[in-house]
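S.K.:
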Amino acid sequence: MLIPAFSADWASAFMTAVNSDDTYRDAAKGWTNPVALVVEPGVDIDAGAAVQVDLQAGTCLSASSLAPADVSAPFVLSADLDTWKEILGGATDPIMAVARGKVRLTRGSLGTLMLHARGAKALVACAQKIDTLWP
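Per my numbering, residue -10 is the first one in the sequence shown, and the count goes up by one each step.
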């Protein structure tokens, strides 16, 4: 079943994928911060979209879909819709996308994020498991 990208159902599926993934659990043992993935407003998503996940030591405590303006996570990654499609479709490496400026860290420490690159890649791999319906 296809789940609309960055919707409440997608956030729930993301949480389930994270919490059932042993690779993520191991890779993210040291990560204890909420993270938001933001789709910038554009042609296919007029107001933008966001999913915020509360990640603690390899588990996801909560996940929600919200407006970009309502994001409160200390780490916020923002990109246009096409970039998120490339990353979540497996065509673009998430760490390289940050390094090249395709994904912007609009809140949080780049140094801290890079220290946890293995966990970040495992988190993206969890999102890649979701059968996503893109606008």
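Even glycine gets a Cβ: it sits at the ideal position worked out from N, Cα and C.
Does the separation of the CB atoms of Pro57 and Val87 fall below 8 Å?
M.R.: As a first step, residue 57 is located in the sequence shown; it is residue number 68 there, counting from the start. As a first step, residue 87 is located in the sequence shown; it is residue number 98 there, counting from the start. It is not a contact, given that the beta carbons lie outside the stated cut-off.
S.K.: Under 8 Å, do Arg46 and Thr12 count as touching if we go by C-beta distance?
M.R.: The residue given as residue 46 occupies position 57 in the sequence shown. The residue given as residue 12 occupies position 23 in the sequence shown. Contrary to the premise, residue 46 reads as Ala rather than Arg in this sequence. No. Outside cutoff.
S.K.: Once you ignore the five residues that flank Gly78 on each side, which residues in its own chain have a CB closer than 8 Å to its CB?
M.R.: Translated into positions along the sequence shown, residue 78 becomes position 89. Once the five neighbours on either side are set aside, the close Cβ partners of Gly78 are Gln117.
S.K.: Nearest CA to the CA of Asp120: which residue from Val24, Lys74 and Ala36?
M.R.: Within the sequence shown, residue 120 is the residue found at index 131, counting from 1. Minimum Cα distance to Asp120 is reached at Lys74.
S.K.: Going straight from the alpha carbon of Lys110 to that of Ile34, what length do you get?
M.R.: Along the sequence shown, one-based indexing puts residue 110 at 121. Along the sequence shown, one-based indexing puts residue 34 at 45. Each residue's alpha carbon lies about 25 Å from the other.
S.K.: Quick test of the definition: if touching needs 3 or more C-beta pairs under 8 Å, does the stretch 81 to 100 touch the stretch -7 to 4?
M.R.: no
S.K.: Leaving out five residues on either side along the sequence, give the residues of the same chain with a beta carbon under 6 Å from the beta carbon of His105.
M.R.: The residue given as residue 105 occupies position 116 in the sequence shown. Correct list, in chain order: Trp20.
S.K.: Out of Ser1, Leu99 and Met85, state which residue places its alpha-carbon closest to the alpha-carbon of Val65.
M.R.: The residue you call residue 65 lines up with position 76 of the sequence shown. For Val65, the nearest C-alpha among the options comes from Leu99.
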